[in-house]
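Sequences listed follow chains W and U, in order.
With the working numbering, the residue at position 52 of the first sequence is 52, and numbering never jumps.
With the working numbering, the residue at position 8 of the second sequence is 1008, and numbering never jumps.
Note that beta-carbon positions come from the ideal geometry of N, C-alpha and C, so glycine has one too.
Computed from a predicted model, the values in this text were never measured in an experiment.
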Amino acid sequence: MTQAEQASEDGQAREPGGAAGGHIGPNLLERAGSPVGPESQISLSADRLRELYETMVLIRLFEEETERQYKKAQIGGYCHISSGQEAVAVGALEPLEHDDVLITAYRCHHLALARGVSPESVMAELFGRAEGCAGGRGGSMHLADPTRGYLGGWGIVAGHVPLATGAAFTFAQTDEPHAVLCELGEGAVNEGAWHEALNLAGLYGLPVVYLVENNMYGMGTSVHMASAEPEVWKRAAGFDMHAERVDGQDVEEVMEASDRLLRRAREERRPALLECVTYRFRGHSVADAGTSYRTEEEIEEWKGKDPIPRFGQTLLDRGIFESDEELDEVRERMDARVQEAVEFAENADLPELDSLARHVYGDEHAAEQFTRMAPGSPFGERELVLEKELGNG
Amino acid sequence: MDEAATDTETTSGGEDQTHAVDELERGEEPGREELDEQHEYETEEITYREALRRALREELLRDERVFLIGEEIGIFEGSYKVTAGLLDEFGTKRIREAPISEEGFTGLANGAAMTGLRPIVEIMTINFILMAMDQVVNHTAKVRYMFSGQVGCPMVIRTPNGAGNQLTAQHSQNLEGWFAHVPGLKVVTPATPADAKGLLKAAIRDEDPVLVVENLPSYNLKGEVSQDPDYVTPIGEAKVTREGDDITLIGHSMAAHRSLQVAEQLEEEEISVEVIDLRSLRPLDMETVARSLAKTNRALCVDEGWATYGVSAELCARIQDACFDDLDAPIGRVGMAEVPMAYAKNLENATLPHVKKVRAAALAVLGEETDPEEWRAG
Chain W
1 MTQAEQASED GQAREPGGAA GGHIGPNLLE RAGSPVGPES QISLSADRLR
51 ELYETMVLIR LFEEETERQY KKAQIGGYCH ISSGQEAVAV GALEPLEHDD
101 VLITAYRCHH LALARGVSPE SVMAELFGRA EGCAGGRGGS MHLADPTRGY
151 LGGWGIVAGH VPLATGAAFT FAQTDEPHAV LCELGEGAVN EGAWHEALNL
201 AGLYGLPVVY LVENNMYGMG TSVHMASAEP EVWKRAAGFD MHAERVDGQD
251 VEEVMEASDR LLRRAREERR PALLECVTYR FRGHSVADAG TSYRTEEEIE
301 EWKGKDPIPR FGQTLLDRGI FESDEELDEV RERMDARVQE AVEFAENADL
351 PELDSLARHV YGDEHAAEQF TRMAPGSPFG ERELVLEKEL GNG
Chain U
1001 MDEAATDTET TSGGEDQTHA VDELERGEEP GREELDEQHE YETEEITYRE
1051 ALRRALREEL LRDERVFLIG EEIGIFEGSY KVTAGLLDEF GTKRIREAPI
1101 SEEGFTGLAN GAAMTGLRPI VEIMTINFIL MAMDQVVNHT AKVRYMFSGQ
1151 VGCPMVIRTP NGAGNQLTAQ HSQNLEGWFA HVPGLKVVTP ATPADAKGLL
1201 KAAIRDEDPV LVVENLPSYN LKGEVSQDPD YVTPIGEAKV TREGDDITLI
1251 GHSMAAHRSL QVAEQLEEEE ISVEVIDLRS LRPLDMETVA RSLAKTNRAL
1301 CVDEGWATYG VSAELCARIQ DACFDDLDAP IGRVGMAEVP MAYAKNLENA
1351 TLPHVKKVRA AALAVLGEET DPEEWRAG
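In structure tokens, the structure reads:
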């Protein structure tokens, strides 16, 4: 019995039908709220479509390698694999412009890669190396690349939603025509921070799109057991906010919706909610097999909706790829790319021990301020927090 | 230090009180250019509340990235009137009225600081910052370190602590020690009008997040404050507010005032008391404390909050590390009674670390016993 069926029997869910949800398909698109603004203008060249496919394959192979490296103890901590959710990341991020901002939750390898952060610097971060995209201080949950407007993966469920709202506030305050894409999981929508942030975004008219990756489970709890209203997009009505629900396994559908809503955010200064229905093929984290709370049938059913072969077939049908051999060639090339990333990470330097207390504070006066704590202190402020920050480090 | 508030004086403005009415009739104020043209600045006697308001106004004029966000800070002019007149002068964009959602707007400010603005958040009282605790501790404090310095978070959170107005258990707390516990944050606690202006301005100009803990019962306290628009009190510097030889009383916020009053009383008994106002809890100026104890050899840590696991606990540990050989007696400490605050006035008085209790604690460090029946009621 699926959790949805269980919840239904328990009287918790008003809409049974399995977390697998029978309604995934071309008719999934639903819209609510204020009228839609500008239509999607996204129209990609054949080359660019091939690149999107390549990125999806890269993410899948990267995650498979990540799991192997975790089991070899090269990667520590919590490690959340995104396999199955590639179409959401690649589709939703494609319309982002250079100056737009991306802020995400902690399942973020796919989002960092889709934003163009190099596999080398992501893998090095997972390995805890100085050349990692967060300097070895972040790890799997806290990837970042501010040069690409990626202000981080954040590890407290829904805690980053106000931050993203604040980044949009900056754009509004400074009259800059950019938008923020804030990714979160469906498990975050019952947290207070989410409600407070959406209210502020609606109230102030902020250019932010909340991208909900509804992969049906928050850890081992299905959306039907967690949310009185399991269709997340409907929640936006409480904030007079436009919302859409799309098939998260269809990269082009996600891309068009994301483009439309980001464009509207930039041009009309209005927030929106985009729910993408998707599924994670693996467990919540590497430590979770993902099978105690999901049936084999459900997992297999969703693997039948794998977004990668689906998009590959679409591109074959359109003649953008001419043969299966071309798809195989992409896979081989991306596999080599992942192996290069592993090699890079293996050979990358560990962060210097003497850098331990760097970046706690950034103000040039901080060192001087903290020096006065030093007399008798067993904690070495003078040596660590201070002089390294003064510019020696 | 100026006119210290007494134990029985209840000087705070309440949520529905309008103590700042006289200050609203302030007439024309100098603009940024006029402020810049002056080269010699005088001091002026103003209230702690007005000192904060001027710091906000001057920094709003100086830096267009600065904006204020909080509950009731606009039309209502602040629950304690600190933001009086600012909405009229700077408009709704720089003075952002926020709904009652501390976690939401603190997090919003956090994100705005990460992307180039200089937010100043007003949390109506420190009791309500608990709604935003995850943002402050798990987000604000972590931004710079977690991404190895690629992003900063230059924001200010202003909020008053304090007790003594029969506001009872949920509205009478001194929780600043919780934040001073956290690497990545700075915490300052101005006790005087001069430091209220100087530390708030220093906090706004800092590149890192600073919690400015104001003292609610001190909002009407008057003192001399510089008119210099670039007057700042350096963060991390304690101040010897009274010199003495026999014992050092160390406190911050309201405890700094109480310590001074005890020093005056003990002077009549020919006991010479040195008083240190810490002003900043993180970073903590142990140099000034150690210098004083090398002279007096006796220390009493005075804290308006609970002693257990509190600011005074940290001070005691630091002092025994730094000054062990200088000490002639065990370090004393005194804080709020270890109970939630009661409503009844007599119980509230007995809960506070009032002057009589601090005096008894100081005498204990000096080896003199007192009869608790003489002081426990406050």
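| For W/Gln-339, does the count of other Cβ atoms within 10 angstroms reach 16, so buried, or fall short, so exposed? | exposed
| query | So is U/Lys-1093 in contact with chain W if we call contact Cβ pairs under 8 Å? | reply | yes
| message | Taking its Cβ as the centre, do 16 or more other Cβ atoms sit within 10 Å of U/Asn-1346, making it buried, or is it exposed? | response | exposed
| task | Thinking U/Gly-1305 and U/Gly-1335 are a contact (beta carbons under 8 Å), I'd like their distance in whole angstroms, please. | result | 6 Å
| task | Pick out whichever of W/Val-251, W/Trp-154, W/Glu-352 and W/Pro-309 has its Cα sitting closest to the Cα of W/Arg-331. | result | W/Pro-309
| field | U/Ser-1101 beta carbon less than 8 Å from that of W/Asn-199 | value | yes
| Limits of the beta strand (DSSP E) - the one that U/Val-1275 falls within | 1273–1277
| said: What ranges does the alpha helix (DSSP H) occupy inside the segment 263–333 of chain W, keeping only unbroken runs of at least 4 residues that lie completely in it? | reply: 296–303 and 307–317
| Three or more C-beta pairs closer than 8 Å, one from the segment 1073–1085 of chain U and one from the segment 130–143 of chain W: is that the case here? | no
| query | Mind checking W/Glu-63: buried by the 16 CB within 10 Å criterion, or exposed? | reply | buried
| Residues bridged to U/Ala-1299 (per DSSP) | U/Thr-1248
| task | Would you kindly work out how many angstroms separate the C-alpha atoms of W/Asp-324 and W/Arg-50, rounded to a whole number? | result | 13 Å
| query | Touch check for the segment 137–145 of chain W and the segment 64–79 of chain W: three-plus C-beta pairs under 8 Å? | reply | yes
| task | Use the C-beta contact count for U/Leu-1087: other C-beta atoms within 10 angstroms, 16 or more gives buried, fewer gives exposed. | result | buried
| By Cβ distance below 6 Å, which residues in the same chain neighbour U/Val-1151 in space, the five residues on each side in sequence not counted? | Met-1114 and Val-1143
| query | Since U/Asn-1215 and U/Pro-1160 are thought to touch, with beta carbons under 8 Å apart, how far apart are those beta carbons, to the nearest angstrom? | reply | 6 Å
| request: Under the assumption that W/Ala-226 contacts W/Trp-233 (Cβ atoms under 8 Å), give the Cβ distance between them as a whole number of angstroms. | output: That belief does not hold up - the Cβ atoms of W/Ala-226 and W/Trp-233 are roughly 16 Å apart, past 8 Å.
| field | Residue-level contact to chain W via CB, U/Ser-1292, 8 Å cutoff | value | no
| task | Out of U/Ala-1290, U/Glu-1064, U/His-1257 and U/Glu-1287, point me to the one whose CA is closest to U/Arg-1359's CA. | result | U/His-1257
| query | So which residues of chain U does W/Phe-169 contact, with C-beta pairs closer than 8 Å? | reply | Leu-1108, Gly-1111, Ala-1112 and Leu-1117
| said: Would U/Gly-1078 and U/Glu-1122 qualify as a contact pair, given that the criterion is a beta-carbon distance under 8 Å? | reply: yes
| query | Distance, Cα to Cα, U/Cys-1301 vs U/Ala-1313? | reply | 8 Å
| query | Mind checking if W/Gln-85 is an interface residue toward chain U, Cβ cutoff 8 Å exclusive? | reply | no
| Which partner residues of U/Trp-1306 appear in the DSSP bridge assignment? | U/Met-1336
| task | List the residues of chain U whose Cβ lies closer than 7 Å to the Cβ of W/Phe-458, in chain order. | result | Residue coverage of chain W in this structure runs from 1 to 393, which leaves residue 458 of chain W outside it and unanswerable.
| field | Minimum Cβ-Cβ distance from W/Gly-362 to chain U less than 8 Å | value | yes
| query | If you measure beta-carbon to beta-carbon, which residues of the segment 73–104 of chain W are closer than 8 Å to chain U? | reply | Val-101 and Ile-103
| Closer than 8 Å, CB to CB, is U/Arg-1049 near chain W or not? | no
| task | Please list the segments of the alpha helix (DSSP H) lying wholly inside the segment 157–208 of chain W, counting only runs of 4 or more residues, in order along the chain. | result | 160–173 and 192–204
| message | Excluding the 5 residues flanking W/Leu-262 on each side, which residues of the same chain have their C-beta closer than 6 Å to its C-beta? | response | Pro-95, Ala-179 and Val-209
| So, is the C-beta of W/Ala-144 closer than 8 Å to a C-beta in chain U? | yes
| request: Return helix, strand or coil for W/His-242, following the three-state DSSP convention. | output: strand
| Counting contacts by CB-CB distance shorter than 8 Å, is U/Leu-1284 in contact with chain W? | yes
| Spatial neighbours of U/Val-1021 in its chain, beta-carbon cut-off 8 Å, leaving aside the 5 residues before and after | Confidence at U/Val-1021 is low in this model, with a pLDDT of 41, below 50, so its placement is unreliable and the value that follows should be read with caution. There are no such residues.
| query | Of all the beta strand (DSSP E) runs that stay within the bounds of the segment 1027–1112 of chain U, which reach a length of 3 or more residues? | reply | 1043–1047, 1066–1070 and 1095–1097
| field | 7 Å Cβ shell around W/Glu-54 - same chain, five flanking residues per side excluded | value | Val-330 and Met-334
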